[in-house]
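Single-structure report; data block below.
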Amino acid sequence: MEEFDVVVAGGGPGGSTVASLVAMQGHRVLLLEKEVFPRYQIGESLLPSTVHGVCRMLGVTDELAAAGFPVKRGGTFRWGARPEPWTFSFSVSPRITGPTTYAYQVERARFDEILLNNAKRKGVVVREGHSVTEVIEDGERVTGLRYVGPDGGEHAVSARFVIDASGNKSRLYSSVGGTRNYSEFFRSLALFGYFEGGKRLAAPYSGNILSVAFDSGWFWYIPLSDTLTSVGAVVRREMAEKIQGDREKALTALIAECPLISEYLAPARRVTTGKYGQLRVRKDYSYHQTTFWRPGMILVGDAACFVDPVFSSGVHLATYSGLLAARSINSILAGDVDEKTALIEFETRYRREYSVYYEFLLAFYQMNVNEESYFWHAKKVTNNKEYSELESFVDLVGGLSSGEAALAASGRIAERSAEFAAAIDEMADGDDASMVPLFKSQVVKQVMQEGGQEQMRAVLGEDAEPELPLFPGGLVTSPDGMRWLPYRPA
Ligand code: FAD
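Every position in the sequence shown, counted from 1, becomes a number in the numbering used here once 513 is added.
Quick look at the structure:
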């Protein structure tokens, strides 16, 4: 049987990230990918923390810049009671500076291939067209994988660690134990396709994602080139019949329900050939596994959890969890930290990131039915005379001007999550749909600060501020971001 330090199932952003960051520390990594790249995937709108944090660590910054992906400076929303679209720009946040004030809109076939090819250059042995079938166990521990090659031949590989980064359709995750809990709230369905010749927002926001709420749900409208647009309708579960039957008719009818998207698509024609020719449906995509690891096995990306397409958190969660898993494995293989301690650190941080997005998006959807506008409340909360209402919103939702220190105790995480939940309840019960309690929540501030820290670390490298552990006995990140270190107070 072949032997590696780490074997990764799945070559999406999560798998490529963890594989590369472990191989970059000199360990032997095998990545098995079922498809042959480039392959289609949904999830095209990225966040700055992926582009300027994780991708910079991976060493693909220049390659991404050269790829010519549309630059995403922020988001434009027709959301809530405000009838006009409103826009936020990443540059409004004082914490996201100069070179990191944007993300990209990417054709995932190209983006994922860049990350996978980079993994090969970093020393990962990548086998495309190889499908993992099951884990190999020795008692409690996962010790390897069985997989099938392109010729149908069966193989087995042993490794100190198995990573399941095989996305949301694979069943491999169940070997980690626990259960996959589906969200009761985010039970929407998505119907999506591609159009040529759609309108663009005015410069400098022509690369923004446009998200438009309408009676049955909301649309995303993502520019993937000067002429190609990804268009998807996210439809509430109770409206599910609207996307049953003929998909072409269903999408046409949904577009007709939404005046702004109709206007943007007026000059466009739907792509009907090639990888973008199909109309696709996704459902049951919002879930989390009750445990993210067991001895010898770690879940990364969609294999572990996903919340909802709004605010484009999927690739962020996949690459961020890949980074957290790589730190843990690098520390364990270097003999710096024991496995349990390192993987508790991985799970705590990953689960917190997921939970905060979950709670924030829950509130964002509740806002959809409220009567007040986001900006007005944000400005009221910050009382910042220099900022416009829009800038106040971005500053607050970004949580980047708070200067809030990293969490110091796990008890406080729970306390602050409870505070966040209470804030949502307060808003839901209030007559004026005030956003004030939400924006005061430390949880919102902290998660955004965490994203800011990853970017800061990428930009400043070893000069970044020293970090505090997330919980008592927790670990801190090494200056280069590649490992955990025990916390030693100054
Ligand atoms: P994937 O990208 O799914 O990669 C998993 C890989 O594993 C695949 O290449 C697959 O071929 C391979 N694989 C599967 N089974 C096996 C096997 N048995 N053996 C070997 N390989 C295997 N996210 C965003 O950031 N922005 C967005 O705008 C966005 N929009 C979305 C819209 C919708 C409707 C949905 C449902 C999701 C959206 N997402 C978005 C989420 C995004 O698609 C995912 O979160 C992201 O792709 C997860 O990356 P991953 O690496 O975990 O998995």
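All C-beta atoms in this analysis are idealised placements derived from N, C-alpha and C, irrespective of residue type, glycine included.
Asked                                                                                                                        : Found
Residue 518: first and last residue of the uninterrupted beta strand (DSSP E) it sits in                                     : 515-522
Residue 535 - containing beta strand (DSSP E), residue span                                                                  : Looking at the DSSP string, residue 535 is not in any beta strand (DSSP E); the run it does join, the alpha helix (DSSP H), is 526-536.
Those residues which DSSP pairs with residue 597 across a bridge                                                             : DSSP lists no partner for residue 597.
Beta-carbon separation (whole angstroms), residue 535 vs residue 519, contact threshold 8 Å                                  : 5 Å
Straight-line Cα distance separating residue 685 from residue 677                                                            : 7 Å
Per-residue burial, residue 537 [other beta carbons within 10 Å of its own, 16 or more giving buried]                        : buried
Top-ranked residue by Cα proximity to residue 798, from 808, 709, 654, 817                                                   : 817
Supposed contact pair residue 553 and residue 583 - C-beta distance, whole angstroms, cut 8 Å                                : Their Cβ separation, rounded to whole angstroms, is 18 Å, which puts residue 583 and residue 553 out of contact at 8 Å.
Which residues DSSP lists as bridging residue 677, in chain order                                                            : 522, 812
Beta-bridge partners of residue 718, as assigned by DSSP                                                                     : In DSSP, residue 718 forms no bridge with anything.
Coil, strand or helix - residue 491 by DSSP                                                                                  : Because the chain here runs from 514 to 1003, residue 491 falls outside it and cannot be looked at.
C-beta contact flag for residue 809 and residue 655 at 9 Å                                                                   : yes
Nearest to residue 1003 (by Cα), restricted to the options 775, 985, 981                                                     : 981
Residue 545 versus residue 646: straight-line alpha-carbon distance, rounded                                                 : 11 Å
Nearest to residue 768 (by Cα), restricted to the options 801, 733, 739                                                      : 733
Within-9 Å CB hit, residue 827 to chain D                                                                                    : Among the chains in the structure shown there is no chain D, since it carries only a single protein chain.
Secondary structure of residue 585, DSSP reduced to three states                                                             : strand
Residue 815 CB to nearest heavy atom of the ligand FAD below 8 Å                                                             : yes
DSSP state of residue 982 mapped onto helix, strand, coil                                                                    : coil
Residues of its chain near residue 720, where Cβ-Cβ distance is below 7 Å and the 5 sequence neighbours each way are ignored : 583, 584, 585, 586, 618, 736
Heavy atom of the ligand FAD within 8 Å of residue 552 beta-carbon                                                           : yes
Rounded straight-line distance, which links the Cα of residue 599 to that of residue 889                                     : Legend: pLDDT at residue 889 = 49, less than 50; position of this residue unreliable, value from coordinates given subsequently. Roughly 12 Å between the two C-alpha positions.
For residue 848 and residue 561, the rounded distance between their alpha carbons                                            : 33 Å
Which of helix, strand or coil DSSP assigns to residue 760                                                                   : helix
Sufficient close CB pairs (3 or more, under 8 Å) joining the stretch 784-791 to the stretch 705-722                          : yes
Contact check, residue 824 vs residue 863, beta carbons under 9 Å                                                            : no
Delimiting residues of the beta strand (DSSP E) encompassing residue 708                                                     : 702-709
Where residue 682 sits in the DSSP three-state scheme                                                                        : coil
Cβ distance (whole Å) where residue 855 is taken to contact residue 845 below 8 Å                                            : 5 Å
DSSP-derived helix/strand/coil call for residue 840                                                                          : helix
Near the ligand FAD: residue 646 beta-carbon under 8 Å from a heavy atom                                                     : yes
Status (buried if at least 16 other CB within 10 Å, exposed otherwise) for residue 821                                       : buried
Exposure of residue 803, with buried meaning 16 or more beta-carbon neighbours within 10 Å                                   : exposed
Residue 681 Cβ short of 8 Å to the ligand FAD heavy atom set                                                                 : yes
Rounded separation between residue 860 and residue 690 - CA only                                                             : 14 Å
Residue 577 CB to nearest heavy atom of the ligand FAD below 8 Å                                                             : no
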